[in-house]
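S.K.: I am attaching a structure below and will ask some questions about it afterwards.
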Amino acid sequence: MTTDPPDHARDLPNADALPCALASVDSDGRLLAVNPALASLLGRDVQALCGGPFDALLSTAGAVIYQSYLMPLLRLHGHLQEFSISLKTGDGQPLEVLLYASSRGSGAQRVHDMVMVPIRQRRRVEEEMLRVKRAADEAPGMIFQLLCLPGGGGHFPYVSEAVRALYDSTPQAARESADVVFGRVLEDDRAALLQARDAAAAASSPWRASARIRRADGSVAWHEFNASPRLLANGITLWHGHVADVTQRRVMEQALADREAARQASLAKSEFLARVSHELRTPLNGILGFAHLLLSQEADNLRADQRRRLAILQTAGQGLLHLINDVLDITSIEMGQLSLHPTPLPLAPAVDAALAVVEPQAQAAGVRLARAPMTGLVLQADARRLQQVLVNLLSNAIKYNRPGGRVDVRAHSEAPAEPGLALACIEVADTGCGLTEAQQAQLFQPFNRLGAERGAAEGTGLGLVISRQLVQLMQGSIGVQSTPGLGSCFLVRLPLAAGVPVPPPAVPGPGADGVPSPTRGRVLYVEDNAVNVLLMEAIVGLRPGVQMQVCTDGAAGLAAALADPPDLLLLDMQLPDGDGSGLLQRMRTHPALAAVPAVAVSAAARSDDLLRAREVGFTAYWTKPLVVDEVLAGFDSLLARARQSPR
1 MTTDPPDHAR DLPNADALPC ALASVDSDGR LLAVNPALAS LLGRDVQALC GGPFDALLST
61 AGAVIYQSYL MPLLRLHGHL QEFSISLKTG DGQPLEVLLY ASSRGSGAQR VHDMVMVPIR
121 QRRRVEEEML RVKRAADEAP GMIFQLLCLP GGGGHFPYVS EAVRALYDST PQAARESADV
181 VFGRVLEDDR AALLQARDAA AAASSPWRAS ARIRRADGSV AWHEFNASPR LLANGITLWH
241 GHVADVTQRR VMEQALADRE AARQASLAKS EFLARVSHEL RTPLNGILGF AHLLLSQEAD
301 NLRADQRRRL AILQTAGQGL LHLINDVLDI TSIEMGQLSL HPTPLPLAPA VDAALAVVEP
361 QAQAAGVRLA RAPMTGLVLQ ADARRLQQVL VNLLSNAIKY NRPGGRVDVR AHSEAPAEPG
421 LALACIEVAD TGCGLTEAQQ AQLFQPFNRL GAERGAAEGT GLGLVISRQL VQLMQGSIGV
481 QSTPGLGSCF LVRLPLAAGV PVPPPAVPGP GADGVPSPTR GRVLYVEDNA VNVLLMEAIV
541 GLRPGVQMQV CTDGAAGLAA ALADPPDLLL LDMQLPDGDG SGLLQRMRTH PALAAVPAVA
601 VSAAARSDDL LRAREVGFTA YWTKPLVVDE VLAGFDSLLA RARQSPR
């Protein structure tokens, strides 16, 4: 060690060999001696440092502290321990050190010996610890160390600041007792939570558990615990883990679970209604079919009272069928399972077809039907569902009219409110008793007949609800204008098909002599229900040129079709040895049967049933109970097509 004056060097033996920085300062603050470690630390020469003022080695802030605080303390007490002060290196950079000092001698001969230890590494560690603590405090949830004693007690050696928000406590309180956390857990959940923790500790496995806790404001929250154990001596377990408030996630999970439960319940309801529909439609097929045949073919042989009873039977059966159809439609719409196929559809023929359906009802009620010209209007709509809406509105207009009343159907185009949204407005106006504003407000509520259930008019209160939902699914709207005592006008707005010309009316194709040819052909009917077979045989009997063969299962049907390929296939969709779709697919693998028209005959009436049948190759779908006139028309059309198509 270099000294100035040399007598002080003798008081610091082996100073040059020490790894820490040493300096001796006189009572005036001048450097008497420095060792190479200090010179190296500052990046300066030993000789240049000796004799200079000590505060020249300090940063500006360090010099102020040295003069105003450090030296007065040293003179007063004669020693200092771990005093943090900033030196200044040769290139002007600050250097934090811990300074240890002691004084010897007295008066002008007093010397202060100083040892300086750089704290760069310590500072880095402290800063890193500070960053870690800040990250832990700012992280979502509470980070913790939990010390569990064998007797069941415990405390948190460390918890992040989140303990304040999660448990309304302080880190200090948590360090004293774990009850500040576990005491907040609801009694119903506490035992299971602690048992899960102890079981995880015994197995040296992670602890993952959730529990409800009571917040300071009395509300309940869900907390999730995740921690890993470290087994210490004497049965002590140290847990390192994290607690998160998962209340929102639990709420979302519960909402999803509730939604899934509701979906499953709706599916179960839908399937139940479909099965009920199937079971009801099958006997209705015989009831309505034979009632229709008796009234239309045997009326002259029946007494008046017999005809009246048959008519009552037919009306009651139709009422039950309408209820079944309405409930199925409501269910399908609610489930989002109703398939629509909008196509360009001329309005006038659609209205005429609906008027033809309700004409017998109008005649029986003494109500006159009238349609205004509506040439040129082509809608973008589903033909079947538009027919359903129109028939419902017309039927209501007749049902709630007065004897001698009138129902008018009008239509016009409306200027689009937005480009590309041109609409047609269809008006169905009646001369009935009208509706009050209160009745209009309740008009589209399911099963609400607005008091009409106390009168003679029959109904379910579902028709208008279904009609509005169908119109909305076709991108339209339905509304009403009504004045009590004068009548009501229902307005249906549906999109027009842009740029589609109106097709000419269809003309039935004549035979060679200009007269429609009688229907001829061979039909194979695969059906296991004897009543359904009897009804179909009775219907086929109305077409003398049609011959029908019956098989009661799929295997027999396939064998019969291959032995003598028919002109038309009628396949029941539920057979003893399989379903109609599978039978048709097997038939289509044989060239002789690949092009034979096939009709699905089923009591399943949902739109997705019809869609699946189309997808597997059925030409048509006849729903039980069969409508005799529609079946006859189907025979005429399909057998005529079969004769024209070479196979």
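FYI, in UniProt numbering the residues of the sequence shown are 1 to 647.
Beta carbons: idealized from backbone N, C-alpha and C, even for Gly.
Who does glycine 154 pair with in a DSSP beta bridge?
M.R.: DSSP lists Cys148 as partners of glycine 154.
S.K.: Leaving aside the five residues before and after valine 351 along the sequence, list all residues of the same chain whose C-beta is less than 8 Å from its C-beta, in chain order.
M.R.: Only Arg371, Met374, Leu390, Val409, Ala411, Ile426 meet the Cβ criterion.
S.K.: Tell me the DSSP secondary structure of methionine 374 in three-state form.
M.R.: Note: methionine 374 maps to coil in three-state DSSP.
S.K.: Report the three-state DSSP secondary structure of alanine 538 (helix, strand or coil).
M.R.: Helix at alanine 538.
S.K.: Determine the DSSP secondary structure at glutamine 442, reduced to helix, strand or coil.
M.R.: Of the three classes helix, strand and coil, the one that applies to glutamine 442 here is coil, per DSSP.
S.K.: Since proline 94 sits in a beta bridge, which residues does DSSP pair it with?
M.R.: Paired residue(s): Lys88.
S.K.: The beta strand (DSSP E) spanning tyrosine 66 covers which residue range?
M.R.: Premise fails: tyrosine 66 is in no beta strand (DSSP E) and is neither H nor E.
S.K.: Mind the definition here: the stretch 565-584 touches the stretch 522-532 only if three or more C-beta pairs lie below 8 Å; say whether that holds.
M.R.: At 8 Å Cβ cutoff, the stretches touch.
S.K.: Beta carbon of valine 492, beta carbon of isoleucine 330: below 8 Å?
M.R.: It is not a contact, given that the beta carbons lie outside the stated cut-off.
S.K.: How long is the line joining the alpha carbons of leucine 80 and alanine 21, rounded to whole angstroms?
M.R.: Approximately 16 Å between the Cα atoms of the pair.
S.K.: Enumerate in chain order the residues of its own chain whose CB-to-CB distance from leucine 470 is below 6 Å, with the five nearest sequence positions on each side excluded.
M.R.: Excluding sequence neighbours, leucine 470 sits near Arg385, Val389.
S.K.: Could you give the DSSP three-state label for glycine 241: helix, strand or coil?
M.R.: Of the three classes helix, strand and coil, the one that applies to glycine 241 here is strand, per DSSP.
S.K.: Excluding five sequence neighbours on each side, which residues of the same chain lie with their C-beta closer than 7 Å to the C-beta of serine 168?
M.R.: This sequence places aspartate at residue 168; serine is not what is there. For aspartate 168, where only same-chain residues beyond five positions count, the Cβ hits under 7 Å are Ala216.
S.K.: Out of curiosity, what's the CA-to-CA distance linking arginine 543 and aspartate 579?
M.R.: Answer to the nearest angstrom: the Cα atoms are 28 Å apart.
S.K.: Could you check if methionine 252 is buried or exposed, using at least 16 other CB atoms within 10 Å of its CB as the buried criterion?
M.R.: Exposed, since its Cβ has fewer than 16 Cβ neighbours within 10 Å.
S.K.: Given this structure, state the Cα-to-Cα distance separating alanine 165 from aspartate 198, to the nearest angstrom.
M.R.: Spanning the two alpha carbons is a distance of roughly 26 Å.
S.K.: Inspect the beta-carbon positions of asparagine 285 and proline 591 and report whether they are closer than 8 Å.
M.R.: No, the pair does not count as a contact, with Cβ atoms beyond the cut-off.
S.K.: Helix, strand or coil: which one does DSSP assign to alanine 530?
M.R.: Three-state result, alanine 530: helix.
S.K.: Does the separation of the CB atoms of alanine 362 and isoleucine 398 fall below 8 Å?
M.R.: Against a cut-off of 8 Å, the Cβ pair of isoleucine 398 and alanine 362 comes out as a contact.
S.K.: What is the rounded straight-line gap between the Cα of alanine 173 and the Cα of serine 204?
M.R.: About 28 Å.
S.K.: Across which residues does DSSP place isoleucine 333 in a beta bridge pair?
M.R.: Its beta-bridge partners do not exist; DSSP assigns none.
S.K.: Does the beta-carbon of glycine 51 have 16 or more other beta-carbons within 10 angstroms, so that it is buried, or is it exposed?
M.R.: That one is exposed.
S.K.: Pairing CB atoms from the stretch 622-639 with CB atoms from the stretch 590-609, are three or more of them under 8 Å?
M.R.: Taking 8 Å as the limit for Cβ pairs, the verdict is that the stretch 590-609 does touch the stretch 622-639.
S.K.: Within 10 angstroms of its Cβ, does valine 220 collect 16 or more other Cβ (buried), or is it exposed?
M.R.: By the 10 Å Cβ count, valine 220 comes out exposed.
S.K.: Would you mind reading off the limits of the beta strand (DSSP E) that contains glutamine 547?
M.R.: Per DSSP, glutamine 547 belongs to the beta strand (DSSP E) from 546-551.
S.K.: Using three-state DSSP, classify glycine 511 as helix, strand or coil.
M.R.: Residue placement at glycine 511 cannot be trusted, given a pLDDT of 45 that sits under 50; what the coordinates show is reported in the next sentence. In the structure shown, glycine 511 sits in coil (DSSP, three-state: anything other than H, G, I, E or B).
S.K.: Along the chain, where does the alpha helix (DSSP H) containing phenylalanine 635 start, and where does it finish?
M.R.: Looking at the DSSP string, the run of the alpha helix (DSSP H) that includes phenylalanine 635 is 628-644.
S.K.: Which value, in whole angstroms, describes the spacing of the CA atoms of alanine 640 and arginine 520?
M.R.: Whole-angstrom Cα-Cα distance: 8 Å.
S.K.: Of the residues Pro118, Arg124, Pro19, which one's Cα is nearest the Cα of alanine 37?
M.R.: Cα-wise, what sits closest to alanine 37 is Pro19.
S.K.: Per DSSP, histidine 79 forms a beta bridge with which residues?
M.R.: Paired residues: Ser102.
S.K.: To which residues of the same chain is phenylalanine 490 closer than 6 Å at the C-beta, ignoring the five residues directly before and after it?
M.R.: The answer, listed in chain order, is Leu393, Val428, Val480.
S.K.: Which residues does DSSP list as the beta-bridge partners of tyrosine 621?
M.R.: Answer is Ala600.
S.K.: So for serine 177, helix, strand or coil by DSSP?
M.R.: Correct three-state label for serine 177: coil.
S.K.: Can you round the beta-carbon distance between histidine 322 and alanine 604 to whole angstroms, since I take them to be within the 8 Å contact cut?
M.R.: At roughly 17 Å, the Cβ-Cβ gap does not stay under 8 Å, so histidine 322 and alanine 604 are not in contact.
S.K.: Provide the residue(s) that pair with arginine 230 in DSSP beta bridges, ordered along the chain.
M.R.: Its beta-bridge partners are Leu238.
S.K.: Specify, as a first and last residue, the run of the alpha helix (DSSP H) that histidine 278 falls within.
M.R.: Run containing histidine 278: 247-297, per the alpha helix (DSSP H) assignment.
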